[in-house]
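Heads up, the numbering used here is the position in the first sequence plus 4, with the first residue counted as 1. Don't be surprised by glycine CBs; every beta carbon is placed ideally from N, CA and C. This structure is a prediction, so every number in the text was calculated from the model and none was measured.
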Amino acid sequence: MPELPEVEVTRLSFADAIAGGTVLSARMGKPLRWPLGLEPMALTGKTVLRVRRRGKYLLLDMSEGLLLVHLGMSGSVIFNKNLPSPGVHDHFDLVTDLGTLRLNDPRRFGAVVYASGESDPVARKLLGHLGVEPLGREFDFKVFHEALAKRKAPIKQVLLAGDVVVGVGNIYASEALFLAGIRPTTKANRLSRPRLMRLHKAIFDVLSRAVEKGGSTLRDFSNAQGESGYFQLEANVYGRSGHACRICASTIKAIRQGQRSTFFCPLCQKP
DNA sequence: AAAAGCCCCTGGATGC
DNA sequence: TGCATCCAGGGGCTTT
Numbered sequence: 005m006p007e008l009p010e011v012e013v014t015r016l017s018f019a020d021a022i023a024g025g026t027v028l029s030a031r032m033g034k035p036l037r038w039p040l041g042l043e044p045m046a047l048t049g050k051t052v053l054r055v056r057r058r059g060k061y062l063l064l065d066m067s068e069g070l071l072l073v074h075l076g077m078s079g080s081v082i083f084n085k086n087l088p089s090p091g092v093h094d095h096f097d098l099v100t101d102l103g104t105l106r107l108n109d110p111r112r113f114g115a116v117v118y119a120s121g122e123s124d125p126v127a128r129k130l131l132g133h134l135g136v137e138p139l140g141r142e143f144d145f146k147v148f149h150e151a152l153a154k155r156k157a158p159i160k161q162v163l164l165a166g167d168v169v170v171g172v173g174n175i176y177a178s179e180a181l182f183l184a185g186i187r188p189t190t191k192a193n194r195l196s197r198p199r200l201m202r203l204h205k206a207i208f209d210v211l212s213r214a215v216e217k218g219g220s221t222l223r224d225f226s227n228a229q230g231e232s233g234y235f236q237l238e239a240n241v242y243g244r245s246g247h248a249c250r251i252c253a254s255t256i257k258a259i260r261q262g263q264r265s266t267f268f269c270p271l272c273q274k275p
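Encoded structure:
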C-alpha cells in the first residue's frame, strides 16, 4: 500500500501527538515480516522522543534505541487513546501515557523492528542501502544523473528499486514517468539529460503533491487519525488502463514489469 | 555490480 | 452460493 507520501502523511498525523510519550506496555500479535528483536514488554519505560521517516520506514527515536516501522503492502497505523481490543489484523500495539500506536496489517509484509541505534546491524541491513530522499536537499540532479547513467534496466524498475531514490513505489513511479513524458520501459542509461531533468522535477512534484492531498487511498489506506487520502483522484495513468489520457485522449496501456503493473500513455510518453 | 525472479500473506474482485 | 484464479501502495534474498 504505502509509498513515501502515505508514510509521510502517516508520520505527520501522529508524530507530535506521541512525542514525549512513555511506553506503558506493548504487545505483538501474529509475527510480521521480521522479529521485533526483543520482548515487547522490554520497551516499557522508554520514551518516544520523535518520529522521523527514512524512505518508507518510520523511525521512532526512543530514549534508548529506536523502532523501525514499515507498513509493507497493507499496513496502516492508528494513534489514539482508548482503542478497542485488538482485531485479528492488529499485530502491534505500543501503549504510551499519551495514547496507543497500533499497526494493522492484514498481509503482514510490514514490520516493527527494534534497533539499539542506527549503526545496529539490523538497522544497517534495512536502511543502509537506501537511496536519496527525494523531498530533501540531498536530491541533487547531478547525483541522480550519474547514478542512472550506470543503469541499463528499464527506468521504472530502477525507480522502484529504491537504491537511487527512495520512496517511489508502484503508483508514483508510473505517475512521475507520465509527468516526465518518459516511457517506463526506456533503459535508464539511454535517457538524455533534459529528459532526466524533467523526471527529477516530476518525482519531486508528484510526491509533494501527494503528501499535500493526504496520500492515495486505493483500498484501505488511512492516516493515524483514520482519514483517507485523495491523490488517487488525480492519477493520470495508475489504474486507468483502457481509459482516455487526460492530455491527449489516447488509451492508457497497462504492462507487466518485474511482476508489477505499469501504466502509461503511449502517445505522451516517448521511448 | 547489477538485473531478474521468487517469495512472504490475506482478502477482494472476477469468472465459471 | 461455491470454488478457482488473479491481483494488490513492498522489498529482501537468491540466482544469473
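Contact between the region 257-268 and the region 172-182 (3+ Cβ pairs under 8 angstroms): yes
For the candidate residues Gly-140, His-133, Arg-15, Leu-40, whose alpha-carbon lies nearest to that of Phe-83? Arg-15
Where Val-2 falls, given that 16 or more other Cβ within 10 Å makes a residue buried: Residue 2 is absent from the structure shown; the chain starts at 5 and stops at 275.
Could I get the ranges of all uninterrupted alpha helix (DSSP H) runs contained in the region 178-255, with 4 residues as the minimum, in chain order? 197-216
Tell me, which residues are paired with Val-136 by DSSP? Val-169
With C-beta atoms as the reference, is Ser-226 less than 9 angstroms away from Ser-89? No. Outside cutoff.
Out of Asn-86, Leu-42, Val-52, point me to the one whose CA is closest to Asp-20's CA. Measuring from the Cα of Asp-20, the nearest candidate turns out to be Val-52.
Look at the alpha carbon of Gly-185 and the alpha carbon of Lys-274, and state the distance between them as a whole number of angstroms. 6 angstroms
Gly-230 versus Val-169: straight-line alpha-carbon distance, rounded: 29 angstroms
Alpha helix (DSSP H) runs wholly inside the region 20-67, at least 4 long, in chain order: Annotation: the region 20-67 contains no complete segment of the alpha helix (DSSP H) (minimum length 4 residues).
Who are Ser-17's beta bridge partners in DSSP? DSSP output for Ser-17 lists no bridge partner at all.
Rounded to the nearest angstrom, how far is the Cβ of Val-116 from that of Phe-96, given a contact under 8 angstroms? Contact between Val-116 and Phe-96 is confirmed by a C-beta separation of about 5 angstroms, below the 8 angstroms threshold.
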